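Below is one structure; the comments refer to it alone.
Protein chains: 2
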Amino acid sequence: MSITLLFLVLTIATSVASPLNQIHLLKPHPGSAGHKHSKLNCLSWRLAVETNNIQKWKQVPEACENYVGHYMLGRQYRKDVDLVAAEAYEYAKGLNITKDGKDVWVFDIDETTLSNLPYYARDTVAFGAIPYNATAFNAWIEEAAGPAIPGTLKLYKRLIKLGFKIVFLTGTEAAYAEARTKNMKKIGYTKWEKLIYKGEGDGSGVVYKQAKRKALEEAGYRIRGNMGDQWSDLLGSNAGDRVFKVPDPMYYIG
Amino acid sequence: MSITLLFLVLTIATSVASPLNQIHLLKPHPGSAGHKHSKLNCLSWRLAVETNNIQKWKQVPEACENYVGHYMLGRQYRKDVDLVAAEAYEYAKGLNITKDGKDVWVFDIDETTLSNLPYYARDTVAFGAIPYNATAFNAWIEEAAGPAIPGTLKLYKRLIKLGFKIVFLTGTEAAYAEARTKNMKKIGYTKWEKLIYKGEGDGSGVVYKQAKRKALEEAGYRIRGNMGDQWSDLLGSNAGDRVFKVPDPMYYIG
């Protein structure tokens, strides 16, 4: 029995001692020659990203690829989203909306309502530790295979029951509207007041998003809530009565 | 040797299996009768607090007292502050300031530059899990015994070297100015352009802070950076060219 116990304990101790096992064992690590941020604490990095203290970052630091991968694939990411969604619902429930069809909730799409995790988990993407490849990402959009983010899908359904109109406002270009719309319907986002894709000349990031929100408010809509994974979804003018930031340590859009 | 190894491994496994040992073993836990948020994930709670997704919370959920205590007393809190301070310095370094004495950096005091952790670690405070007691906290201020937050003190010194003028803007009432000023000087904050205490009729939170920042800008100062532990330090008008949020999971000021 003591041998069995020893084996068990050693197994536990080993798995605890190296919780960040390699996800992509076969992927070369170019940074091992000295490009790693050896002193970077990945928990601090993620917190700084989520609080918008670190801005304009190009990709996940290589030292944090495994950390980000384990976070995104593990239960903590889901729990983090679930709590934000629950808090958003508590807030929404407390609003006495007029039900004249003008109280809207703005949702971003990517990493807010629809997950690109099957794409980001690829060896060639490495949870954002490898530079963005527009061609590959756009091919993934065309697959229309992104799953729903469970916490946000639940919130979406509950908001509709409360009488909110839903506006999806995405940075995805209009050229991909067909595939994206198909994807959204397939995973449970079946109705909306508007689904706004980015047109040519719309700009990007906060400039694009605030212009579209301004147009919504000028058209008489009241933005009661606004949820996104990027601070550029939530900052700027006409942000909404309250904003909710869902986690995304994989990429930054300014 | 195998016995020694077994002991060692058991010790490691045990310490890992219950990382959140009680801090206040003697403190009664009234919530054990059913008031605990048994499903609350404290990592998610802290992230939601730091991103301003959870607002107007009165105290640390009892279920998270130990978690918050270990976080604040452990190395992760320090590392989290250090990274924000390092990022703020990188930003500040990149500004070509005119050195006309009008480029200012606004710092909050409590939990931004000066720590009240010796007070918050008391059994009667429980890292914010017990409701705020103004009398006891004010007596603590009079002790002038708060330590500096190391990462922020380092940033303060580096900003002065870069040529920034420092403005401390605190919610502490003017009645405690003498003790607080003494405390600040004692721990290394020896010079400033202004140290603003809250006067009677100044309001509180975001209303108070934005009014004082507005007055600074009207007096010709340029707020190039603004750092605080509360979102009410950083939101509202005249927020500054860039804001930095340092962690504080112990209390909320709206």
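In the order they appear, the protein sequences are chains A and B. For the first sequence, the numbering used here begins at 45 and goes up steadily by one. For the second sequence, the numbering used here begins at 45 and goes up steadily by one. Note that beta-carbon positions come from the ideal geometry of N, C-alpha and C, so glycine has one too. On a predicted model such as this, the values are computed, not experimentally measured, just so you know.
1. Does the beta carbon of W89/B sit closer than 8 Å to a beta carbon anywhere in chain A?
2. Roughly how many angstroms lie between the CA atoms of A220/A and I185/A, to the nearest whole one?
3. Note the first and the last residue of the continuous beta strand (DSSP E) segment covering I210/A.
4. At a CB distance below 9 Å, what residues from the segment 83-111 of chain A approach chain B? Give them in sequence order.
5. Could you give the first and the last residue of the continuous beta strand (DSSP E) run that contains L87/B?
6. DSSP three-state label for N160/A, please.
7. Could you tell me which chain A residues have their CB closer than 9 Å to the CB of L127/B, listed as they occur along the chain?
8. Buried or exposed: which applies to S159/A, given that a residue is buried once 16 or more other Cβ atoms fall within 10 Å of its Cβ?
9. Taking CB distances under 8 Å as the criterion, tell me whether K226/B reaches chain A.
10. Does the segment 111-123 of chain A come within contact of the segment 110-125 of chain B, defined as at least 3 CB pairs closer than 8 Å?
11. Going by beta-carbon coordinates alone, are F301/A and V112/A separated by less than 8 Å?
12. Apart from the five residues just before and just after I241/B, which ones in its own chain have a Cβ nearer than 7 Å to its Cβ?
13. Specify, as a first and last residue, the run of the alpha helix (DSSP H) that N177/B falls within.
14. Taking Cβ-Cβ distances shorter than 8 Å, what residues in chain B pair up with D277/A?
15. Count the other CB atoms within 10 Å of the CB of A178/A; is the residue buried (16 or more) or exposed (fewer)?
16. If you measure from the beta carbon of K123/A to each beta carbon in chain B, is any gap under 8 Å?
17. Can G245/A and I297/A be called in contact, C-beta distance under 8 Å?
18. So the alpha helix (DSSP H) L239/A belongs to, where does it begin and stop?
19. If distances are taken between C-alpha atoms only, which option among V104/B, G195/B and M271/B comes closest to D126/B?
20. What do you get for N227/A, buried or exposed, if any count of 16 or more other CB atoms within 10 angstroms of its CB means buried?
21. Taking buried to mean at least 16 other C-beta atoms within 10 Å of its own C-beta, is Y265/A buried or exposed?
22. I want to verify the contact list: residues of chain B whose CB lies under 8 Å from the CB of K289/A, in sequence order.
23. Classify L278/A: buried if its beta carbon has 16 or more other beta carbons within 10 angstroms, exposed otherwise.
24. Just to check, is the beta-carbon of R286/A closer than 7 Å to a non-hydrogen atom of the ligand GDP?
25. At a Cβ threshold of 8 Å, is G195/A touching chain B?
In brief:
1. yes
2. The question names Ala, but residue 220/A in the sequence shown is Tyr. Distance between the alpha carbons of Y220/A and I185/A: 7 Å.
3. K209 to E217
4. L84, N85, L87, S88, W89, R90, L91, A92, E94, T95, N96, N97, I98 and Q99
5. Counting along the chain, L87/B falls outside any beta strand (DSSP E), though it belongs to the alpha helix (DSSP H) covering C86 to E94.
6. coil
7. L84, N85, S88, W89, L91, A92, N97 and I98
8. buried
9. no
10. no
11. Outside the shown range of chain A (45 to 298) lies residue 301/A, about which nothing can therefore be said.
12. Reading off the sequence, residue 241/B comes out as Tyr, not Ile. Answer for Y241/B: T214, T216, E217, A218 and A221, listed in chain order.
13. Looking at the DSSP string, N177/B is not in any alpha helix (DSSP H), and its letter there is neither H nor E.
14. The contacting residues do not exist; D277/A stays about 13 Å from chain B at best.
15. exposed
16. yes
17. no
18. Element bounds for L239/A: not the alpha helix (DSSP H) but the beta strand (DSSP E), K238 to K242.
19. G195/B
20. buried
21. buried
22. T95, N96 and N97
23. buried
24. The ligand GDP is absent from the structure shown, which contains no ligands of any kind.
25. no
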